[in-house]
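Okay, structure first, notes after.
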Amino acid sequence: MENSSSVMIAIAWCLAWGNERKPKFDLAILQKMRQALKDGEDVPQEVRLIVEQVQQLQGIDKYYFPKTLDELKTNYPALWNQTNRIGLVYGGATKIKQYVFESSKIQDIRGASALLDRINLIDLRAFFNYNYEASHNPNLYNAQCSEVRAWLNENFYEDINLSEVLIPELIIYSTGGKILAFCPPAFVDDLANAIEKRYTSETLTANSCAVGDTFRLLEIRFGLLREPIENTLWLDWYHQKYKEPLVQAYFGNIENNIENAKQERCTNLAISIEDAFADRKSFNEITTKLTILFNQRRSGYGQDFSSSLNQRCSSHSRPSRRYPPMFETHPYLMRDGSDRRSLVMIVQPPKLPRESHFSEALARKHLVGNRAKKGSPEIPEWYRESQLKWERGIIESWANRYNRFLEKNPSLQQKYYAALKADDIEIAQNLSHIANASKGFVAYIYADGNNMGGYIQKIRTPQKYQEFSRDVGLATEYAVYQALAENLHPHKLQNFNDEESTLGNGALVHPFEIITIGGDDIILIVPANKALAIAKNIGEKFEEILLKKVPLGESAESEKIIGDYKIKQDNKPVDLKRCHRYKPTEASPSQCQLSTSIGMLITAYNTPIYYAKDLTEQLLKSAKDRAKKLKKAGYCSGTVDFLTMKSVTMISSDIKEFRRQALIKNLRPKLKLYAAPYTLHELGGLISVIEALKNAKFPKSQLYQIRSLLERGKQTAILNYRYFRVRLKQDKQNLDLQEQFEEAWCQPKDSKNKGNLAPWIYDDGALEYDKSDYPLFETIWRDVVDLYDFIASPDDDRDAIEAQTATTETEL
1 MENSSSVMIA IAWCLAWGNE RKPKFDLAIL QKMRQALKDG EDVPQEVRLI
51 VEQVQQLQGI DKYYFPKTLD ELKTNYPALW NQTNRIGLVY GGATKIKQYV
101 FESSKIQDIR GASALLDRIN LIDLRAFFNY NYEASHNPNL YNAQCSEVRA
151 WLNENFYEDI NLSEVLIPEL IIYSTGGKIL AFCPPAFVDD LANAIEKRYT
201 SETLTANSCA VGDTFRLLEI RFGLLREPIE NTLWLDWYHQ KYKEPLVQAY
251 FGNIENNIEN AKQERCTNLA ISIEDAFADR KSFNEITTKL TILFNQRRSG
301 YGQDFSSSLN QRCSSHSRPS RRYPPMFETH PYLMRDGSDR RSLVMIVQPP
351 KLPRESHFSE ALARKHLVGN RAKKGSPEIP EWYRESQLKW ERGIIESWAN
401 RYNRFLEKNP SLQQKYYAAL KADDIEIAQN LSHIANASKG FVAYIYADGN
451 NMGGYIQKIR TPQKYQEFSR DVGLATEYAV YQALAENLHP HKLQNFNDEE
501 STLGNGALVH PFEIITIGGD DIILIVPANK ALAIAKNIGE KFEEILLKKV
551 PLGESAESEK IIGDYKIKQD NKPVDLKRCH RYKPTEASPS QCQLSTSIGM
601 LITAYNTPIY YAKDLTEQLL KSAKDRAKKL KKAGYCSGTV DFLTMKSVTM
651 ISSDIKEFRR QALIKNLRPK LKLYAAPYTL HELGGLISVI EALKNAKFPK
701 SQLYQIRSLL ERGKQTAILN YRYFRVRLKQ DKQNLDLQEQ FEEAWCQPKD
751 SKNKGNLAPW IYDDGALEYD KSDYPLFETI WRDVVDLYDF IASPDDDRDA
801 IEAQTATTET EL
């Protein structure tokens, strides 16, 4: 027998356990079966029939789908008659940003994110006896995992310890704040309750939700089936009903798919009745049901409500909120630093840099943030004196994970550290450390995956779900690490004065803060002068890693991407001129089905974090909207929207409304004084324009003057630009500006037109749904001026590295 996959072991474990709380076979036999399947050996005689059925299920060809239920019954009678059920549980944290950004201090935000990560990546996996083995220290989390299992057994013991019921292979994925796992059917509610309770007991205030249900063996491969199976609506029914609106809402609109498939490159749309039905009637239908139950429970409905809609639910007794966080909110009590809960302690300097008011929930965030920042196991004095009993467990900082990545990639390690030593570099304690590398400004980068939902809808098996989750998680994390290593270097604090910092002038710090990397989500803070390049690199590396063009590590033993994410429809048309405004013929057509959209806000480091987060989310939404429009032209790659905010009062709340009122001029012709969002290719062109302007020594005052004249009309702006441009010295730098800006961005759409539109770009609105505002002329000039001070030249990098290295050597 060959070594079995983890999914096969999980299904066999659930079936062999049976439908009751007491296992059908002795626990020792189940463990022998599990070990035999892992080692590729013969399983015990008692469970051989069950294992053969699971092997038969796993052996079904991925393209096979029965035309009729009779065909399914004839081909797989053993699977048809299998009555033991398989549990499936889905859950995790909800309202994550509300919990993470509840406080305005970076250490509390760092701590909240790290605590949620620990629960998702360490604690929930420990339920299943999974020991998270960090490559650098396999025993790092042993004590943490043992404590979690003891907690689980103490809180959820009924006839048997819950930890004895669960094995590591049951986990399909546990990342991005969510977990999806198999489970013996009698313990579905116990596991769902344990997930919710763990979040509440550890965070006190974070919201969480978990749901579960049980399924037949055949349903793992062919979606939801009725009782009896013969009553299930099948392909013959779908042939008759597929045009009805309610059926289309569930299975998809075939006619629209056929029309969209003529140009759609990013997703393999189902264009036949059989494919549309098979895509839905798969493991995907099960996960969709769990998602619906999850959303219902998160909205406040109990399992009783769900059961009234569907009698198959595993239990009728779960309340709507199993472990709701509850805190005293008396109006006359003092509040903590976030002004949300009653405080339990006040910590005075010098134990902390300034007087701090803590509720227990906020104290936990701050404590975890301290551990995540320093990586030290030592408990601070202020927390010891509080006499609070909660322990933070093992918390590993992002900087430590980043350093391990660099150790596996010596060339990037050399590029990042140069002659500096990793042990000499401190983690940035607050945003002022990061801003010190860029004249007091930082950039918030928020990235999210594109086309993830479309791709998931085509996944038909648990194994593919597992591969997809793993691959996307690795690509996201390693894309960030590579972008940081290629664009940043440790920064030496200069002209620095911050009373809350324990570091002073001359200290070397990592000039970035990773708030979270989970699933396909990224939130990080970097120096403003490197933000554009980092955002571009993240988008590009994410796709290149998934396409296996860029390895995850330089050694042969490095992890590998498993799935195939290359676009299958290479024969579909790609209108590069509609996709890109910058040198469209030089852009390579996107090859990856998955990509990222990025929102980026450049602002002063003391801008309130909750305000910056809100604006960055709006920019991300704008970038994703642009990506959806570009799909019509065959573009499947990433997009970036950004805003440079040098004054907090510059925008009240809504970026879209601000741009509509302030940056769109209803003249003849209509003018749009900005060009964001950009494709990744265009973003590279934007950086090239700024570098060309700097090399040409284009007077800064004239940059601002041209910008101020844009709103006076198309012809006025063209004349002023031509006037200032011809006054420049006629040398290579001037020609470079002409090539990178005028010829690259401002060419007329009609190739026969030899005119010059600079600084304008013509937009006929071909990609827009609402064409009432088009055609119009837009320009990148305002974006160029806003970013001019935030694009670092290669010479600046070289000088900074040499200066830091020389200073360090002198001090030594």
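Using UniProt numbering, you'd call the opening residue of the sequence shown number 1 and step up by one each time.
Glycine is no exception: its CB is placed at the ideal position from the N, C-alpha and C atoms.
Assign P699 to one of three DSSP states: helix, strand, or coil. coil
On a Cα-Cα basis, can you pick out the residue from T214, A276, N268 that is closest to Y242? Among T214, A276, N268, the Cα nearest to that of Y242 belongs to A276.
Return the CA-CA distance between I456 and I122, expressed in angstroms with no decimal places. 25 Å
Bridge partners - N450, DSSP secondary structure assignment: S595
Determine the burial state of A270: buried for a count of at least 16 other Cβ atoms within 10 Å of its Cβ, exposed for fewer. buried
Own chain, CB closer than 6 Å to residue 819, minus 5 neighbours either side, in chain order: The question about residue 819 has no answer here: the residues shown for the chain are numbered 1 through 812.
When the Cα atoms are used, what is the spatial distance from S501 to T287? 47 Å
Give the C-beta separation of V188 and D213 to the nearest angstrom, bearing in mind that I take them to be a contact with Cβ-Cβ under 8 Å. V188 to D213, Cβ: 7 Å. Contact.
Within the continuous beta strand (DSSP E) that includes residue 814, where are the two ends? This structure cannot speak to residue 814, because the chain is shown only from 1 to 812.
According to DSSP, what are the bridge partners of I434? None, per the DSSP bridge assignment.
Examine chain C for any beta-carbon lying closer than 9 Å to the beta-carbon of Q58, and answer yes or no. In the structure shown, chain C does not exist; there is a single protein chain.
Closest to P775 by C-alpha separation, out of V784, I761, Y788, D783, would be which residue? I761
Tell me which residues share the same chain as F65 and place their Cβ nearer than 6 Å to its Cβ, disregarding the 5 neighbours each side in the sequence. Hits under 6 Å: A278.
H239 in three-state terms, based on DSSP: Helix at H239.
If we count the other Cβ atoms within 10 Å of its Cβ and call it buried at 16 or more, is A717 buried or exposed? buried
Let me confirm a value: L667 is counted as buried when at least 16 other C-beta atoms fall within 10 Å, else exposed. Which label applies? Per the 10 Å Cβ criterion, exposed.
Could you give the first and the last residue of the continuous alpha helix (DSSP H) run that contains T200? 188-203
Indicate whether the contact test is met: 3 or more Cβ pairs, each with one atom in the segment 601-616 and one in the segment 578-592, closer than 8 Å. Look at the beta carbons and you see the segment 601-616 not touching the segment 578-592: under three pairs across the two are nearer than 8 Å.
What separation, rounded to the nearest whole angstrom, lies between the Cα atoms of A435 and V100? Taking the straight line from one Cα to the other gives about 22 Å.
Is the beta carbon of L15 less than 9 Å from the beta carbon of I86? yes
Considering only their Cβ atoms, is the gap separating K613 from K97 smaller than 9 Å? yes
For E778 versus A696, is the C-beta distance shorter than 9 Å? Not closer than 9 Å, so no.
Does S308 come out as helix, strand or coil in the three-state DSSP assignment? Low confidence applies here, because S308 scores a pLDDT of 42, under 50, leaving its location unreliable; read the following figure in that light. Helix, per DSSP.
I need the DSSP call for T639, collapsed to helix, strand or coil. strand
For D521, the first and last residue of its enclosing beta strand (DSSP E): 521-527
For the candidate residues P184, P228, S6, whose alpha-carbon lies nearest to that of K73? The option with the nearest alpha carbon to K73 is P228.
Note down the Cα distance separating E617 from L30, rounded to an integer number of angstroms. 48 Å
In its own chain, which residues sit with a C-beta less than 7 Å from the C-beta of G563, not counting the 5 before and 5 after it? Excluding sequence neighbours, G563 sits near E467, F468, D471.
Among the residues of its own chain, which have a CB less than 7 Å from the CB of G18, if the five just before and after it don't count? K24, N84
Between the C-alpha atoms of Q414 and H510, what's the straight-line distance to the nearest angstrom? Computed Cα separation, rounded: 15 Å.
Could you give the first and the last residue of the continuous alpha helix (DSSP H) run that contains E778? Membership of E778 in any alpha helix (DSSP H) is not indicated; the residue belongs instead to the beta strand (DSSP E) covering 776-778.
Exposure of S314, with buried meaning 16 or more beta-carbon neighbours within 10 Å: Here the model assigns S314 a pLDDT of 47, short of 50, so the residue's position is not dependable and the matter cannot be decided.
Looking at the structure shown, is M334 part of a helix, part of a strand, or coil, going by DSSP? The answer is coil: DSSP assigns M334 none of H, G, I, E or B.
Nearest by alpha-carbon distance to V54: which of L37, Y63, K67 is it? It is L37 whose Cα lies nearest to the Cα of V54.
Quick check on DSSP: helix, strand or coil for E739? helix
Can you give me the C-alpha to C-alpha distance between R216 and D42, rounded to a whole angstrom? Going from the Cα of R216 to the Cα of D42 covers about 25 Å.
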